[in-house]
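Just so you know, the sequences run in chain order Z and G. My numbering applies: residue 1 is where the first sequence begins, and numbers increase by one. My numbering applies: residue 243 is where the second sequence begins, and numbers increase by one. Heads up, the beta-carbon is just placed ideally off N, CA and C, and yes, glycines get one too. This report concerns only the one structure given below.
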Amino acid sequence: MNKIWVIAKRELSTFFDSLIAYILLIVFLGFSGFFTWLYGSDVFLTGQASIQPFFAIAYWTLFFFIPALTMKMFAEEKNTGTIELLLTKAVSDWDVIIGKFLACLTLVGIAIAFSLPWYLTVWWLGPVDHGAVWCGYIGLLLMSAAYIGIGLLSSSITNSQIVAFLLSLLIGVFFLILFQVLANSMSGIFSYVFDYLSISTHFESITRGVIDSKDVFYFLSIAIVCLVATEAILSQRRLLDR
Amino acid sequence: MHLICYVQHNNFARSTNNYRFKQVNQQTKTLMNIRVDNLTKRYGNQNAIDHISFEVKSGEILGFLGPNGAGKTTTMKIITCFMAPSEGDVRMGDYSVLTDAEMLKKRIGYLPENNPLYLDMPVIEYLQFSAAIQGVPKEQVKGRIKEMVRLCGLDKEKHKNIGELSKGYRQRVGLAQAMIHNPDVLILDEPTTGLDPNQIVEIRELIREMGKEKTVIFSTHILPEVEATCDRVIIINDGKIVADGAPSELRKQASGAEVSRLRIEDGNPNNILEQLRTIDTIALADFNGFTYTVESKRGETSRRAIFKLCVDNNWVITEMSPIERDLEEVFRNVTMG
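Shown next, in the form of structure tokens:
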């Protein structure tokens, strides 16, 4: 546990030293604030004290930002050779993977936490469905965990950060859009399966204010499957090819 | 030049002499011999290393020599538990890299090839990270870092980012991170590449100092380095061990016969050559237009006989110098053959 924290702390301080963290915070808050208050179906247009537009926007901004956070995680280390340095220290592959995962999740968590003022100001304007808001926040975190898993997996496959970025966007597009499209164009069991696989199905159901264990299970299982696959890729070097 | 380096860095040498390893547990230290047993690593059909076996004792410095691509780095990656072998085993003390990687990694300090480092981190922060991740107890971290900074001469540069350091200083940071947890085994993959001559002397001094207490394996393709630093040399080529022994032993093996270069004046070269060949201790004599090369028979010396011959014929010897075979030649012989 201690080792995981050491690794997570290093990754977090790298985020803040390299401006990535600040760029993420500013752009995330700027985007979501802009669309919540000023543009499109914002608070004043709909005339309702609702924070739903924020979740809709955060849903998309995180889709682009998380791959940008995760792309360097393994790809850069493999490219510069520091992965060898790290994995020959007294840590297990899992310590490294979970440390990196937690670092990304913490940074996204900080970004999401900074959006709390919008919730509070909207609340000040009128009555808000508090349950739905908190569910929305939990939904964002769960979705981020799934995206981070996908991002780490992509990053562990390649040496190139750009490839890792594009790959995780590609996988993300499937979960975000394509599965939904497939579900709509098919019928029967396939439609059901693709509908289940689509992130939007589960995210919408959470932001409506219902935390269903099925949805939680869905997001966590994506994250866990991806992390297990990442571990399998990392540990390939230690496979006995007899 | 060498002498000057020495004087300049005398201070450094003295500081390393004071280096103490108080926390080292005497009992565990003596157990950390490295035994490499029938180690093989295959990439596809190719054997990067091919059934090599050797042993390194605690307190011994082993130089690992070989041309590029011979399998040095692969062997080191297996010893440091980064990769698994295709066949065979490496045991350190009672632990095997196959089953006890977690245990072993705590006791190994490793400087990988090309010295990869997190360039965006400040030196001290990086050493703190290395110490924490290697499980150095919190109350000892500060002291260990101080020790490493002093030992590796990082004091002037310790607040800079690693990316701002010159290659020599980065190498010192690499060594410092490898030794921060006071490991019993040190594996250094080409620790002196890219350093200037002064720095090379310092790093060698450091390695020699380390070697008194630890088991050290370091790889290089610079031959004088091996002679200057190692107790034992293993030369590998194409994944196989082709020579194994103390540097002086290897040199002796290669230079079985005495070979001298002569310059003789005031005589007809053909005549001189003929006369030289009549000396019974001489196995071979040759003339290249300027100098004669004379090889004696194994175990014999012919210098006196040559001198006498020249005096008898009133020739003047203007040069007679022994040609010593150095490790470089051993290296070429065993790796080109």
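Could you pull the DSSP bridge partners for residue i from this structure?
i, result
"Ala527 (chain G)", "G:Val536"
"Tyr352 (chain G)", "G:Ile429"
"Ala145 (chain Z)", "DSSP, once it has assigned bridges, lists no residue as partnering Ala145 (chain Z)."
"Ile476 (chain G)", "G:Phe306 and G:Asp486"
"Asp331 (chain G)", "G:Asp279"
"Glu455 (chain G)", "Its beta-bridge partners do not exist; DSSP assigns none."
"Thr462 (chain G)", "G:Leu307"
"Leu504 (chain G)", "G:Tyr534 and G:Met562"
"Ser338 (chain G)", "G:Arg333"
"Ile294 (chain G)", "G:Leu281"
Starting from the beta carbon of residue i, find every residue of chain C whose beta carbon is closer than 7 angstroms, and list them in chain order.
i, result
"Cys323 (chain G)", "This model lacks chain C altogether; the protein chains it does include are Z and G."
List, in chain order, every chain Z residue whose beta-carbon is nearer than 7 angstroms to that of residue i.
i, result
"Asn280 (chain G)", "Those do not exist, as Asn280 (chain G) stays about 13 angstroms from chain Z at its closest Cβ, beyond 7 angstroms."
"Asp292 (chain G)", "Those within 7 angstroms of Asp292 (chain G) in chain Z number zero; the least Cβ separation is about 15 angstroms."
"Tyr360 (chain G)", "Thr82"
"Asn356 (chain G)", "Gly81"
"Lys347 (chain G)", "Thr88, Lys89 and Ala90"
"Tyr352 (chain G)", "Thr88"
Using the beta-carbon count (16 or more within 10 Å), is residue i buried or exposed?
i, result
"Thr270 (chain G)", "Residue placement at Thr270 (chain G) cannot be trusted, given a pLDDT of 46 that sits under 50; the coordinates are not used to answer."
"Phe34 (chain Z)", "exposed"
"Leu169 (chain Z)", "buried"
"Pro67 (chain Z)", "buried"
"Ser295 (chain G)", "exposed"
"Ile224 (chain Z)", "exposed"
"His285 (chain Z)", "Because chain Z spans 1 through 242 in this model, residue 285 (chain Z) falls outside it and cannot be assessed."
"Pro511 (chain G)", "exposed"
"Met578 (chain G)", "exposed"
"Arg412 (chain G)", "buried"
"Arg349 (chain G)", "buried"
"Ser32 (chain Z)", "buried"
"Leu176 (chain Z)", "buried"
"Trp118 (chain Z)", "buried"
Between the options, which has its C-alpha nearest residue i's C-alpha?
i, options, result
"Asn479 (chain G)", "G:Lys314, G:Ile276, G:Gly301 and G:Arg284", "G:Lys314"
"Gly481 (chain G)", "G:Asp279, G:Val278 and G:Lys283", "G:Lys283"
"Thr121 (chain Z)", "Z:Trp5, Z:Lys9, Z:Val108 and Z:Ile51", "Z:Ile51"
"Glu537 (chain G)", "G:Arg333, G:Ser372, G:Thr523 and G:Pro425", "G:Thr523"
"Leu153 (chain Z)", "Z:Tyr192, Z:Pro117, Z:Ile233 and Z:Phe174", "Z:Ile233"
"Trp60 (chain Z)", "Z:Met143, Z:Glu231, Z:Ala21 and Z:Leu87", "Z:Met143"
"Gln288 (chain G)", "G:Glu491, G:Gln370, G:Thr316 and G:Phe306", "G:Thr316"
"Phe529 (chain G)", "G:Arg546, G:Leu551, G:Met363 and G:Ser502", "G:Ser502"
"Arg414 (chain G)", "G:Val475, G:Gly509, G:Asn356 and G:Ile303", "G:Asn356"
"Val222 (chain G)", "G:Ser372, G:Gly487, G:Ala527 and G:Asn555", "Chain G is shown only over 243 to 579; residue 222 (chain G) falls outside these bounds and no answer can be derived."
"Glu344 (chain G)", "Z:Cys104, Z:Leu102 and Z:Asp95", "Z:Asp95"
"Gly78 (chain Z)", "Z:Asn159, Z:Leu167 and Z:Trp118", "Rather than Gly, the amino acid found at residue 78 (chain Z) in this sequence is Lys. With distances taken between Cα atoms, Lys78 (chain Z) lies closest to Z:Asn159."
"Val210 (chain Z)", "Z:Cys135, Z:Lys100, Z:Tyr196 and Z:Cys104", "Z:Cys135"
"Leu62 (chain Z)", "Z:Ile83, Z:Ser18, Z:Leu38 and Z:Ile110", "Z:Ile110"
"Glu444 (chain G)", "G:Pro489, G:Cys394, G:Leu492 and G:Lys456", "G:Cys394"
"Leu307 (chain G)", "G:Ile464, G:Lys550, G:Arg540 and G:Ile565", "G:Ile464"
"Ser18 (chain Z)", "G:Arg277, G:Lys319, G:Asp362 and G:His293", "G:Asp362"
Strictly below 8 angstroms CB to CB, what residues from chain Z border residue i?
i, result
"Glu344 (chain G)", "Ala90 and Ser92"
"Gln376 (chain G)", "Lys89 and Ala90"
"Phe460 (chain G)", "The contacting residues do not exist; Phe460 (chain G) stays about 16 angstroms from chain Z at best."
Name, please, each residue of chain G whose Cβ falls closer than 7 angstroms to the Cβ of residue i.
i, result
"Phe6 (chain Z)", "Residue 6 (chain Z) is actually Val in this sequence, not Phe. The contacting residues are Phe371, Ala374 and Ile375."
"Arg10 (chain Z)", "Phe371"
"Leu85 (chain Z)", "Pro354 and Pro358"
"Lys3 (chain Z)", "Ile375"
Using 7 angstroms as the cut-off, classify the Cβ of residue i as near or not near the heavy atoms of the ligand SAH, replying yes or no.
i, result
"Ala374 (chain G)", "What this structure holds is no ligand at all, so the ligand SAH is not there to describe."
Quick one: list the residues of chain G neighbouring residue i, beta-carbon separation under 9 angstroms, in chain order.
i, result
"Arg238 (chain Z)", "Cys323, Phe324, Met325, Ala326 and Ala343"
Along chain G, which residues have their Cβ under 8 angstroms away from the Cβ of residue i?
i, result
"Thr230 (chain Z)", "Near Thr230 (chain Z) there are no residues of chain G at all, since even the closest Cβ is about 17 angstroms away, more than 8 angstroms."
"Leu18 (chain Z)", "The residue asked about is misnamed: residue 18 (chain Z) is Ser in this sequence, not Leu. Asp362, listed in chain order."
"Thr14 (chain Z)", "Tyr360, Asp362 and Met363"
Could you tell me which uninterrupted alpha helix (DSSP H) segments, each at least 4 residues in length, are contained entirely in the region 111-195 of chain Z, listed from first to last along the chain? DSSP runs (the alpha helix (DSSP H)) wholly in the region 111-195 of chain Z: 116-125, 130-157, 161-173 and 179-185.
Exercise. Whole alpha helix (DSSP H) runs in the region 189-237 of chain Z with 4 or more residues, listed along the chain?
Worked result: Taking only runs of at least 4 residues, the alpha helix (DSSP H) segments lying wholly in the region 189-237 of chain Z are 199-207 and 213-234.
>> List, from N- to C-terminal side, the beta strand (DSSP E) runs of 3 residues or more that fit wholly inside the region 337-420 of chain G.
In response: As far as the region 337-420 of chain G is concerned, its whole beta strand (DSSP E) runs of at least 3 residues are 350-353.
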